[in-house]
Structure formats: structure tokens, C-alpha cells
Amino acid sequence: MQTLHDMELLQRAHDDAVAEANSAAVAIAELVAEGHRPGKDDIDRYRVARLGVESTRRDLEYCLQIELHELNMKF
Numbered sequence: 856m857q858t859l860h861d862m863e864l865l866q867r868a869h870d871d872a873v874a875e876a877n878s879a880a881v882a883i884a885e886l887v888a889e890g891h892r893p894g895k896d897d898i899d900r901y902r903v904a905r906l907g908v909e910s911t912r913r914d915l916e917y918c919l920q921i922e923l924h925e926l927n928m929k930f
């Protein structure tokens, strides 16, 4: 069973991943707006950050499903 603290940690990890993805996306947008082409490192940073968002979202969903299942089993 997950504790509230566990869920808060996972939510914080997700929030951090979203912030990193947004930061990477903004950096790319600024480069493009200035007429520059984003480099491989910029694109890689965004891709890794996006994967972090997706994986932490899935983790959150999975943990919530487990909790809901456990609640349903009690009632």
C-alpha cells in the first residue's frame, strides 16, 4: 500500500519532469525564434525530459489504480 508521502514524492518527480520538459521546449523555441537551429543536445534534452514526463505519469496512474483497486476490495 502506498503512503501519502510516497504519492507526494511521485507527484513531485512528475512536476519536476514537466518543468524540465517545458524548460527544454522553451530553450528550443527561443533558438528557433532567433533564427538558429537547435542542436542535437537541445533535442536530446527535450526527448529525455518528455520521456521522464511520460514515465512518471504512468507511474502515478499505476499507483492510483492499485490504490483504487485496494479500496474497492475493502468495500
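Under our numbering, residues 856 to 930 are what the sequence shown spells out, in order.
Yeah, the Cβ is synthetic: ideal placement off N, Cα and C, and Gly gets one too.
Range of the contiguous alpha helix (DSSP H) that encloses residue i
{"i": "A920", "result": "According to the sequence shown, residue 920 is Gln rather than Ala. Here the alpha helix (DSSP H) through Q920 covers K895 to K929."}
{"i": "R892", "result": "Per DSSP, R892 belongs to no alpha helix (DSSP H) and is neither H nor E."}
Rounded distance between the beta-carbons of residue j and residue i, thought under 8 Å
{"i": "A879", "j": "R900", "result": "5 Å"}
Buried or exposed (CB count within 10 angstroms, at least 16 for buried), residue i
{"i": "A876", "result": "buried"}
{"i": "T952", "result": "The structure shown has nothing for residue 952, since the chain only spans 856 to 930."}
{"i": "A884", "result": "exposed"}
Separation of residue j from residue i, as counted between CA atoms
{"i": "D897", "j": "A888", "result": "14 Å"}
{"i": "K895", "j": "E909", "result": "21 Å"}
{"i": "V873", "j": "K929", "result": "34 Å"}
{"i": "R867", "j": "H891", "result": "33 Å"}
{"i": "Y917", "j": "V903", "result": "21 Å"}
{"i": "L864", "j": "D870", "result": "10 Å"}
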